[in-house]
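**Q** Counting along the sequence shown from 1, when you hit position 72 you're at 72 in full-length UniProt numbering, and nothing is skipped either side. Glycine is no exception: its CB is placed at the ideal position from the N, C-alpha and C atoms. Right, I'll just put the structure down here and ask away after.
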Amino acid sequence: MRVAVRQKNLTITPALRVYIETKILKPLGRLLQKVAPTELPILDLEFGRRSRHHRKGAVYHAEANLSLGSRMIRAVVDDEDIRVAVDLLEEELERGILGWKGKARAKYLRGARRAKKDLSLDQAARLYRKGRIRNEGN
């Protein structure tokens, strides 16, 4: 996984960098282990403050863009504390990844259910799925 970390109006200390690695990069690496090797995951992280003079409220901003081939998962969080923003960002990214991975499994199971239903039907009944054909008068 390729990772790019940017900062705006904020200096990322070594302690904060370690916190980001343990809270975001390790769990995402675990979730993205079985991604196809042709789809190199690219994670762009941006952390910052809204402005230098604001002190109260949601002044810290955390943003993540994860691109998996043609799929893009985006998470944006604003909070009063940068560490809480990192935690919320990780939860939002994890939710997006699990939803993306769940879609493929759901599609596979839907096809399996349809195949099972087709096998249980009679050969003649498979052709007319929407209703039966009535031969009246002939």
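Within this structure, are the beta carbons of E46 and L68 separated by less than 8 Å?
**A** One-based indexing of the sequence shown puts residue 46 at position 46. One-based indexing of the sequence shown puts residue 68 at position 68. Contact flag unset, no.
**Q** How big is the Cα-Cα spacing for Y60 and A75?
**A** One-based indexing of the sequence shown puts residue 60 at position 60. One-based indexing of the sequence shown puts residue 75 at position 75. Answer to the nearest angstrom: the Cα atoms are 14 Å apart.
**Q** How close, in whole Å, do the beta carbons of D28 and L43 come, if the pair is a contact with beta carbons under 8 Å?
**A** Looking up residue 28 in the sequence shown gives position 28. Looking up residue 43 in the sequence shown gives position 43. A small fix is needed here, since residue 28 is Leu in this sequence, not Asp. Sure, about 7 Å apart at Cβ, within 8 Å.
**Q** Judging by CA-CA distance, which residue of V77, K101, I82 and R83 is the nearest neighbour of E92?
**A** As a position in the sequence shown, residue 92 is number 92, starting the count at 1. Taking only the C-alpha atoms, the option nearest E92 is V77.
**Q** Compute the distance between the beta-carbons of P41 and M72, then report whether it is under 8 Å.
**A** Working through the sequence shown from its first residue, we reach residue 41 at position 41. Working through the sequence shown from its first residue, we reach residue 72 at position 72. Result no, Cβ atoms of P41 and M72 do not sit closer than 8 Å.
**Q** Name the residue from R105, V84 and G96 whose alpha carbon lies nearest to the alpha carbon of I20.
**A** Looking up residue 20 in the sequence shown gives position 20. The residue with the shortest Cα to Cα distance from I20 is V84.
**Q** Quick one: residues in its chain with C-beta nearer than 6 Å to the C-beta of E63, no 5 flanking neighbours on either side, listed in chain order?
**A** Residue 63 sits at position 63 when you count from the first residue of the sequence shown. Closer than 6 Å at Cβ, skipping near neighbours: E46 and V76.
**Q** Would DSSP call V84 helix, strand or coil?
**A** As a first step, residue 84 is located in the sequence shown; it is residue number 84 there, counting from the start. It is helical.
**Q** Nearest to I12 by CA position, among E90, K116, V86 and A106, is which residue?
**A** What you label residue 12 is simply residue 12 of the sequence shown in a count that begins at 1. The candidate whose alpha carbon is nearest that of I12 is V86.
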